Structure formats: C-alpha cells, structure tokens
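K.L.:
Before I ask anything, let me first share the structure, which is written out below as structure tokens.
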Amino acid sequence: MASSLIPAGDFRTSYAVDTTIFPTVTSRNFAIAGVVLCALAPFALNDYWMSMLIAIGIYGIAALGLNVLLGFTGQISIGHAAFFLFGAFTSAYLSTKMAIPAFFAIPLSGVATALIGLVFGLPAARLKGLYLAIATLAAQYILLDFFARAEWFSGGSVPATAEPFSIFGYTLSGDHQYFYVVLVYVVVSFLLVTNLMRTRDGRALIAVRDHYLSAEIMGINLTYYRTLSFGIAAFFAGIGGALYAHYQLVVSYEGFGIERSVLFLAMVIIGGLGSVMGTLMGTAFVVLLPEAMEWLSAALRGGVIDQTLGLKNNITFVREIAIGAIIIAFLVFEPDGLAHRWHQIKAYWKFYPFSH
Amino acid sequence: MEVNATSDCALEVRGVSLRFGGVRALTDVSFGVREGELFSIIGPNGAGKTSIVNCISGRYRPTEGQLFYRGRDITGLTTNARPALGIGRTFQNLALFHHMSVLDNIMVGRHHLLKNNFLTGSLYWLTGARREELRHRHKVEEIIDFLDLQSVRKTTAGTLSYGLRKRVELARAMAMEPKLILLDEPMAGMNFEEKEDMARYIVDLNEEFGMTVVMIEHDMGVVMDISHRVVVLDFGKKIAEGEPADVLADPHVRSAYLGEEDEALAGPDDAPRPLEASA
Numbered sequence: 001m002a003s004s005l006i007p008a009g010d011f012r013t014s015y016a017v018d019t020t021i022f023p024t025v026t027s028r029n030f031a032i033a034g035v036v037l038c039a040l041a042p043f044a045l046n047d048y049w050m051s052m053l054i055a056i057g058i059y060g061i062a063a064l065g066l067n068v069l070l071g072f073t074g075q076i077s078i079g080h081a082a083f084f085l086f087g088a089f090t091s092a093y094l095s096t097k098m099a100i101p102a103f104f105a106i107p108l109s110g111v112a113t114a115l116i117g118l119v120f121g122l123p124a125a126r127l128k129g130l131y132l133a134i135a136t137l138a139a140q141y142i143l144l145d146f147f148a149r150a151e152w153f154s155g156g157s158v159p160a161t162a163e164p165f166s167i168f169g170y171t172l173s174g175d176h177q178y179f180y181v182v183l184v185y186v187v188v189s190f191l192l193v194t195n196l197m198r199t200r201d202g203r204a205l206i207a208v209r210d211h212y213l214s215a216e217i218m219g220i221n222l223t224y225y226r227t228l229s230f231g232i233a234a235f236f237a238g239i240g241g242a243l244y245a246h247y248q249l250v251v252s253y254e255g256f257g258i259e260r261s262v263l264f265l266a267m268v269i270i271g272g273l274g275s276v277m278g279t280l281m282g283t284a285f286v287v288l289l290p291e292a293m294e295w296l297s298a299a300l301r302g303g304v305i306d307q308t309l310g311l312k313n314n315i316t317f318v319r320e321i322a323i324g325a326i327i328i329a330f331l332v333f334e335p336d337g338l339a340h341r342w343h344q345i346k347a348y349w350k351f352y353p354f355s356h
Numbered sequence: 001m002e003v004n005a006t007s008d009c010a011l012e013v014r015g016v017s018l019r020f021g022g023v024r025a026l027t028d029v030s031f032g033v034r035e036g037e038l039f040s041i042i043g044p045n046g047a048g049k050t051s052i053v054n055c056i057s058g059r060y061r062p063t064e065g066q067l068f069y070r071g072r073d074i075t076g077l078t079t080n081a082r083p084a085l086g087i088g089r090t091f092q093n094l095a096l097f098h099h100m101s102v103l104d105n106i107m108v109g110r111h112h113l114l115k116n117n118f119l120t121g122s123l124y125w126l127t128g129a130r131r132e133e134l135r136h137r138h139k140v141e142e143i144i145d146f147l148d149l150q151s152v153r154k155t156t157a158g159t160l161s162y163g164l165r166k167r168v169e170l171a172r173a174m175a176m177e178p179k180l181i182l183l184d185e186p187m188a189g190m191n192f193e194e195k196e197d198m199a200r201y202i203v204d205l206n207e208e209f210g211m212t213v214v215m216i217e218h219d220m221g222v223v224m225d226i227s228h229r230v231v232v233l234d235f236g237k238k239i240a241e242g243e244p245a246d247v248l249a250d251p252h253v254r255s256a257y258l259g260e261e262d263e264a265l266a267g268p269d270d271a272p273r274p275l276e277a278s279a
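Given below as structure tokens:
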C-alpha cells in the first residue's frame, strides 16, 4: 500500500524495519505529534469543542469495531448501536449496583459485550449478505427490547446512572478531564487493531473477506473467524458504550435505535472500509457534519432562502436534507472513503509540482 | 486396480465417486500417488480433474469411496484441517486475496504454522508475536526469492498480471510447507516463457523441496516432459494410468483426446451411464 509514498533512498535493511506501523519516521513523528496535540487540546478549547472531540473518540472506538467486522471481514451488522448500548448499561450497572470502579468496569463491559456479540455472531458464520443484515437487525431489536423491559439492568424507562470515572481517588469529571480517558482508550484501541491486522488472525479475517474458499484451503476455520469478528466488533462497541456511560453519567435506551446503527455504518463507509485511521476520519465527518450544518442553517435563518421558499424560519429542516445529500454525494464521488482521499492528497504533494 | 498397499502411497484415491444430483462428476476413480512423485492428472474438459483435486483438498466430499493420505483416511476431514497434515493447493481460476499485498497473501499460507492469535497478535510487542511474524517473514522471503517475486512484494495482488498471479498462488501454496502439493492448471493461459519458468519451478518443488506434486495440466508437452506418472480421466472415469509414454500410446487415451473413432473400444463402460443406480 502506498509504496509510492516512501521517499527515494529509504531502504529497508531488515524485516523488522519493514513491518513498522508507520512507513517512514516522519509519518510516525506526525502521528505522535497528533496525539500530543490532542493531549494539549483541553488547554485551548472550550467545553463545546471538547465534547465534540470526546464524541469523535467514543464513537470512533465503536466504529473501529464495526470496521473490523464490515471492512476487514466483510460481514455486515445493523445492530451495532445495540451493542454500544449494552456496553453502556453494563458499565453503569457494574459501577453503581456492584460498586466496581469505572476504571475496571469499562474493560469488563467490553468483555461482556464481546460475549454477547459472540452469541449473536454464531448465526453470522452461516449467513451472508442481506440475510446476515436481517439477522443482525434482529439483534438490534432483541437487545433494545431487553433494555426496555429489564429494569434491574437498565432501569427500564428510568435512565440508568453511572458513576464518574476516578483513578487513584481523583475523579475525572467534566469534558476537559474526561477527555484524557477517551484519548488513552482511542490510542490503545487503534494500536490494538493495527497490530491485529498485521498478524495472523487479522490476515485471516481479510482472507475470509477476499476469498473465503481459498481461505479455507489455507487452513482458516471460517466459522471461527466470522464469529470472532463479531466478538471483536462487539468488544469495541462495548468499550465505546462504557466510555459513553461514564461520560454522560446517565444512560437511556432512547436514541440508540436502528438509525444510530446506520450512523455507525456511515462512519465506517465514509471513513473507508478496511482502513483503521479512516475510521476516525469517518467518525469525525459524521459527528461534525450535523454541527457544521447547524451553523450554516443558523446563519441562513430568516434569510433569502427562507423567504423565497416560505419556510417561516424553518430552514433547520434543510439541515437534515443536506446531511443526507452530502453522504450520498460522498458515496458517489469517493466510494473508497476519506482514507483513500487522504492518500491521494499525500501522493499529490509528494510529487508536486510534477504530479499528473 | 494398480493401487498397492497404502503404506508406500503418499496419496491413495480409492473408488471415489462424486455426484451432484443426476450429474456424475466422478465414477469409481482409483489411483495412487507415490511419495516424492510428480504425478499428473489429464483429460479433456469436464473429465473431472478438478473435481478429484477438490475431493483431495476437501472442497467436495466424495459421494462414495475413500481418500487416504499417508495411510490416514482423510475422506471426511474438514477442509481447514488439511494444511496441517501437509496438503496444499493452487486453484485453476485464480483465488488470491485481491486486496492484500503479495507479501500478506503468502503470509496467509503460513496460517497453520503461526501460533499467535487475536490476543497475542494485538499486543504484538509484548507477546512475542512480532518475533514470530518476523521469523516467518524470513521463510516467506526465501519463497519470494525462489519465485522471483521481489519486485511485486508490496503490490496489491489484484493488480498483478495473470502470469504473476499464478506465481503468487504457487508461492502461497509453497508457504504452507506442504508435503503434497496440488496444482490445478498452473500453466493455463501463460505464454511460452512463463510456462517454461513455471515448469522449472514445479520440477524444483519436486526435486529440491521434496514435495509430492499432483498436477492438472493441459499442455501435453509439459506433462510428458516432467511427470513421472500420469492418470487420464474421461467423463469422470479413469481410462489409463502409468508412465507418460505408455499412457500416450493407449488407444483409449487417443480416442478421448484426439477423437479417433475406434469401434473396438466402444464397450459399455465407455458411455456415460446417467441412469445407473449407485452401488
């Protein structure tokens, strides 16, 4: 991939050097600088922007799980929001009812959600395409129904509460402090998945996606890997959900219907199927687009368009239409996702001014 | 049956029949491949050559009959358990992982030899997964050197030319370190030079790497030059088996291949028998 972006004269003298995450020292330094910059963000940004970054981080982790499933293994799931919510409720339950500190409750919820994911992943080994989509849709409804009824677990119609995140007796509350928790989880999650994808089981997942018949001939157990992929996807959804619970401190099942699952799909598709970093770009896009449209519609409110169309200051509805239109336009003009575009931009500047 | 005791056969196909509904793909096919042999399966289109290879590699389960690999009955063994026994194969119609690099494709071949899993793999530096991956990378690079794939190592497999893809498939099968390698038309669609290269690689697999090779090939010149023994299938039945020169001289084979009319040959066994009940 992108071998053209490796500068001339950069010769690899060992296989170890050739298997690093970042192809060049510069790209690695850029990534480290990016993380450092994020770590400094709370000093520069206000609550609104911090909440945006936290949302990108939390949903980014969950979307990463979905990308492992959809992008790398080629299995679809329309029930991702339900797994996200399961993680959130589990962590809330563990922290309030069982008095387990959020520090431990978050990874535990990830594991619990992974187990649930494996259960729902079992049919996945036998179903493909649209049939699988319907099966995961069932998972979405079954889980949401469970949350609505199981008052002991989710509080039913009363939102469940979650304890704030604390470490060494110090409580990290508020956007500016909680951001660091999310940042650590984002960095760790993305490293884990990157590592997974350059080792045996990650390759097996991609092999299952690209050509399952020959994957089987290579000794890859299709049932195992398709189910495993669901487990991994659910794990990251659970981690994301748990982070969400300890951020919001209350969890309600409302707002996590199928439309949220579809948003997760949008994040992965817009970011780039099978691209780890693309997931974060796609999530940022999906999280920030409504905000950008909000500003735009606020700026246009009562303006020429409103008056012409007689919308009576209701241009905000245009916002929803615009979001849909932009996503469609995206899929038409950039089907390979933001990650691909990013590569092309890098390639352009690499060869500038002789690119063509 | 020319098949001897199972012990001196790397692979024994014993009375294998394969039916898809009313279609008889294979009818009572038996032959044995000796250890260290370069064995070819030939026959006209639709003769059941790929079907027999699919039975050996586990894609199909024979309707009747048994398959023995080094004396072990593998008839009902799951497909993904076979590489660990030492059975590897390539496909007639390319079956590479198109979006992976050539290197990763070949690394997938080592799946059953690698031990790291999703947990140890994710923790890469902490669990020795990195060391293991690098050790196997060395092996893969040896194969890359052998097959002259250095220049396309990092190229996405789906973008390669046909001849190169065939070679990458061979590399992937080699990476499995099989003792028995099944090659389904390794030279189909290649030009003369590519065929020459491929023939040399196959002989090397057999002689240098000591693999038992079972090959399906249409190029008679290549088959006659490099194979030790040949089996000929026609309409799902074995019509001849033996040394290349003997087989080529066989009137049944001449009739099947060249369409030579020979009334004397037209026995009841030569016509397809779609209505016959299974024994």
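Protein chains in written order, with this note's numbering: chain H, 1 to 356; chain Z, 1 to 279. The beta carbon of each residue, even a glycine, is placed where N, CA and C say it ideally should be. The model shown is predicted, which means the values in this text are computed figures rather than measured ones.
Are the beta-carbon atoms of GLY235 (chain H) and GLY117 (chain H) separated by less than 8 Å?
P.N.:
Within the first sequence, residue 235 (chain H) is the residue found at index 235, counting from 1. Within the first sequence, residue 117 (chain H) is the residue found at index 117, counting from 1. One point to set straight first is that residue 235 (chain H) is Phe, not Gly, in the sequence displayed. The answer is yes: Cβ separation under 8 Å.
K.L.:
By a C-beta neighbour count over all protein chains shown, 10 Å radius and 16 as the cutoff for buried, is GLU2 (chain Z) buried or exposed?
P.N.:
Residue mapping note: residue 2 (chain Z) aligns to position 2 of the second sequence, counting from 1. Summary for GLU2 (chain Z): the model assigns pLDDT 43, below 50, so the residue's position carries little reliability, and this model does not support an answer.
K.L.:
Can you give me, in chain order, the residues of the stretch 192 to 223 of chain H that have a beta carbon less than 7 Å from any beta carbon in chain Z?
P.N.:
So the list reads LEU192, ASN195, LEU196, THR199, ARG200, ASP201, GLY202, ARG203, ALA204, ILE206, ALA207, ASP210, HIS211, LEU213, SER214, GLU216, ILE217, MET218, GLY219, ILE220, ASN221, given in the order they occur along the chain.
K.L.:
Rank H:ILE56, H:ILE345, H:VAL268, H:ALA105 by C-alpha distance to the C-alpha of ALA284 (chain H) and give the top, closest one.
P.N.:
In the first sequence, counting from the first residue as 1, residue 284 (chain H) sits at position 284. Taking only the C-alpha atoms, the option nearest ALA284 (chain H) is H:ILE56.
K.L.:
So, LEU180 (chain Z) versus LEU11 (chain Z), is the Cβ gap smaller than 8 Å?
P.N.:
On the second sequence, position 180 is the one that residue 180 (chain Z) refers to. On the second sequence, position 11 is the one that residue 11 (chain Z) refers to. Cβ distance < 8 Å, so LEU180 (chain Z) and LEU11 (chain Z) count as in contact.
K.L.:
Can you tell me whether SER261 (chain H) is buried or exposed? The criterion is at least 16 other CB atoms within 10 Å of its CB, across all chains shown.
P.N.:
Here residue 261 (chain H) refers to the residue found at position 261 of the first sequence. SER261 (chain H) should be labelled buried.
K.L.:
My parser needs the alpha helix (DSSP H) runs of 4 or more residues fully inside the stretch 85 to 161 of chain H; what are they?
P.N.:
If we require 4 residues or more, the alpha helix (DSSP H) runs fully inside the stretch 85 to 161 of chain H come out as 102 to 121, 129 to 149, 151 to 154.
K.L.:
With distances taken between CB atoms, is the gap from ARG165 (chain Z) to LEU96 (chain Z) smaller than 8 Å?
P.N.:
As a first step, residue 165 (chain Z) must be located in the second sequence, where it is residue number 165. As a first step, residue 96 (chain Z) must be located in the second sequence, where it is residue number 96. Going by C-beta atoms, ARG165 (chain Z) is nearer than 8 Å to LEU96 (chain Z).
K.L.:
Using a Cβ-Cβ distance under 8 Å, would PHE20 (chain Z) count as near chain H?
P.N.:
Along the second sequence, one-based indexing puts residue 20 (chain Z) at 20. Judged by the 8 Å Cβ criterion, PHE20 (chain Z) is not in contact with chain H.
K.L.:
Kindly provide the ranges of any alpha helix (DSSP H) runs that are 4 or more residues long and lie completely inside the stretch 210 to 245 of chain Z, ordered along the chain.
P.N.:
The qualifying runs are 220 to 226.
K.L.:
Quick one: which residues of the stretch 128 to 151 of chain Z get their C-beta closer than 8 Å to a C-beta of chain H? List them in chain order.
P.N.:
Within the stretch 128 to 151 of chain Z, the residues whose Cβ lies closer than 8 Å to some Cβ of chain H are ALA129, ARG130, GLU133, LEU134, ARG137, HIS138, GLU141, listed in chain order.
K.L.:
Does GLN150 (chain Z) come out as helix, strand or coil in the three-state DSSP assignment?
P.N.:
As a position in the second sequence, residue 150 (chain Z) is number 150, starting the count at 1. Reduced to three states, the DSSP call for GLN150 (chain Z) is helix.
K.L.:
Taking VAL13 (chain Z) as the reference, give the member of Z:PHE118, Z:CYS55, Z:ALA171 with the closest Cα.
P.N.:
Along the second sequence, one-based indexing puts residue 13 (chain Z) at 13. Comparing Cα-Cα distances from VAL13 (chain Z) to each of Z:PHE118, Z:CYS55, Z:ALA171, the minimum goes to Z:CYS55.
K.L.:
Compare the C-alpha of ALA162 (chain H) against each of H:TYR180, H:THR223, H:TYR93 and name the closest.
P.N.:
Indexing the first sequence from 1 puts residue 162 (chain H) at position 162. Here the closest residue by C-alpha is H:TYR93.
K.L.:
Please classify TYR225 (chain H): does DSSP put it in a helix, a strand, or coil?
P.N.:
Your numbering for residue 225 (chain H) matches position 225 in the first sequence. Residue state, collapsed to three classes: helix.
K.L.:
In or out: LYS237 (chain Z) buried (at least 16 other Cβ within 10 Å) or exposed?
P.N.:
To locate residue 237 (chain Z), count along the second sequence from 1; it is residue 237. So LYS237 (chain Z) ends up on the buried side.
K.L.:
Taking all protein chains shown into account, decide if ASP10 (chain H) is buried (16 or more other Cβ within 10 angstroms of its Cβ) or exposed.
P.N.:
Sequence index remark: in the first sequence, residue 10 (chain H) carries index 10 (1-based). Result: exposed.
K.L.:
Output needed in chain order: residues of the stretch 91 to 104 of chain Z with a Cβ under 8 Å from some Cβ in chain H.
P.N.:
Flagged, chain order: PHE91, ALA95, LEU96, PHE97, HIS98, HIS99, MET100, SER101, ASP104.
K.L.:
State the DSSP-derived secondary structure class of GLY267 (chain Z), mapped to helix, strand or coil.
P.N.:
Residue 267 (chain Z) sits at position 267 when you count from the first residue of the second sequence. Here GLY267 (chain Z) scores only 48 on pLDDT, less than 50, and its place in the model should not be relied on; the value that follows carries that caveat. In the structure shown, GLY267 (chain Z) sits in coil (DSSP, three-state: anything other than H, G, I, E or B).
K.L.:
Against chain Z, does TYR15 (chain H) count as a neighbour if the rule is that its beta carbon must be under 8 Å from one of theirs?
P.N.:
Taking the first sequence and counting its residues from 1, the one referred to as residue 15 (chain H) is at position 15. Closer than 8 Å: yes.
K.L.:
Within 8 Å, do at least three Cβ pairs link the stretch 81 to 97 of chain H to the stretch 181 to 198 of chain H?
P.N.:
No, because fewer than three Cβ pairs between the stretch 181 to 198 of chain H and the stretch 81 to 97 of chain H fall closer than 8 Å, the two stretches do not touch.
K.L.:
Can you tell me whether DSSP reads LEU183 (chain Z) as helix, strand or coil?
P.N.:
Within the second sequence, the letter at position 183 stands for residue 183 (chain Z). Strand, per DSSP.
K.L.:
For the beta strand (DSSP E) that contains ALA10 (chain Z), what are its first and last residues?
P.N.:
One-based indexing of the second sequence puts residue 10 (chain Z) at position 10. Segment 9 to 20, the beta strand (DSSP E) holding ALA10 (chain Z).
K.L.:
Taking the alpha-carbon positions, what's the VAL29 (chain Z) to SER109 (chain H) distance?
P.N.:
Residue mapping note: residue 29 (chain Z) aligns to position 29 of the second sequence, counting from 1. Residue mapping note: residue 109 (chain H) aligns to position 109 of the first sequence, counting from 1. Roughly 56 Å separates the two Cα atoms.
K.L.:
Are the stretch 206 to 222 of chain Z and the stretch 23 to 43 of chain Z touching by the rule of at least three beta carbon pairs closer than 8 Å?
P.N.:
With a cut-off of 8 Å, the stretch 23 to 43 of chain Z and the stretch 206 to 222 of chain Z count as touching, because enough Cβ pairs lie within range.
K.L.:
Just mark HIS138 (chain Z) as buried or exposed, buried being the case when its beta carbon has 16 or more other beta carbons within 10 Å.
P.N.:
Within the second sequence, residue 138 (chain Z) is the residue found at index 138, counting from 1. The residue in question, HIS138 (chain Z), is exposed, as its Cβ has fewer than 16 Cβ neighbours within 10 Å.
K.L.:
With a cut-off of 8 Å, does the C-beta of THR161 (chain H) fall near any C-beta of chain Z?
P.N.:
Walking along the first sequence from the start, residue 161 (chain H) turns up at place 161. Not an interface residue.
K.L.:
Which residues in the same chain as ASP18 (chain H) place their Cβ atom closer than 6 Å to its Cβ, once the five residues preceding and following it in sequence are excluded?
P.N.:
Start at 1 with the first residue of the first sequence, and residue 18 (chain H) comes out as number 18. Once the five neighbours on either side are set aside, the close Cβ partners of ASP18 (chain H) are ARG12.
K.L.:
Alpha carbon to alpha carbon, what distance is there between HIS343 (chain H) and SER275 (chain H)?
P.N.:
Here the question's residue 275 (chain H) lines up with position 275 in the first sequence. Here the question's residue 343 (chain H) lines up with position 343 in the first sequence. Near 11 Å, if we compare the C-alpha coordinates of HIS343 (chain H) and SER275 (chain H).
K.L.:
Verify whether the separation of the beta carbon atoms of ILE106 (chain Z) and ILE143 (chain Z) is less than 8 Å.
P.N.:
Taking the first residue of the second sequence as 1, we reach residue 106 (chain Z) at position 106. Taking the first residue of the second sequence as 1, we reach residue 143 (chain Z) at position 143. Closer than 8 Å, so yes.
K.L.:
So, using beta-carbon positions, are HIS246 (chain H) and PRO164 (chain H) closer together than 8 Å?
P.N.:
The sequence position of residue 246 (chain H) within the first sequence is 246, counting from 1. The sequence position of residue 164 (chain H) within the first sequence is 164, counting from 1. In this structure, PRO164 (chain H) lies closer than 8 Å to HIS246 (chain H) by Cβ.
K.L.:
Three or more beta-carbon pairs under 8 Å between the stretch 89 to 103 of chain H and the stretch 288 to 308 of chain H, yes or no?
P.N.:
No: the two stretches stay apart, fewer than three of their Cβ pairs being nearer than 8 Å.
K.L.:
Mapping DSSP to helix, strand and coil, what is GLU142 (chain Z)?
P.N.:
Stepping through the second sequence from its first residue, residue 142 (chain Z) is reached at position 142. Looking at GLU142 (chain Z) - three-state DSSP - the assignment turns out to be helix.
K.L.:
Check whether the Cβ of VAL29 (chain Z) lies closer than 8 Å to any Cβ atom in chain H.
P.N.:
Residue numbering aside, residue 29 (chain Z) sits at position 29 when the second sequence is read from its first letter. Judged by the 8 Å Cβ criterion, VAL29 (chain Z) is not in contact with chain H.
K.L.:
What residue range does the beta strand (DSSP E) around PHE190 (chain H) cover?
P.N.:
One-based indexing of the first sequence puts residue 190 (chain H) at position 190. That residue, PHE190 (chain H), is in no beta strand (DSSP E); its alpha helix (DSSP H) goes 174 to 197.
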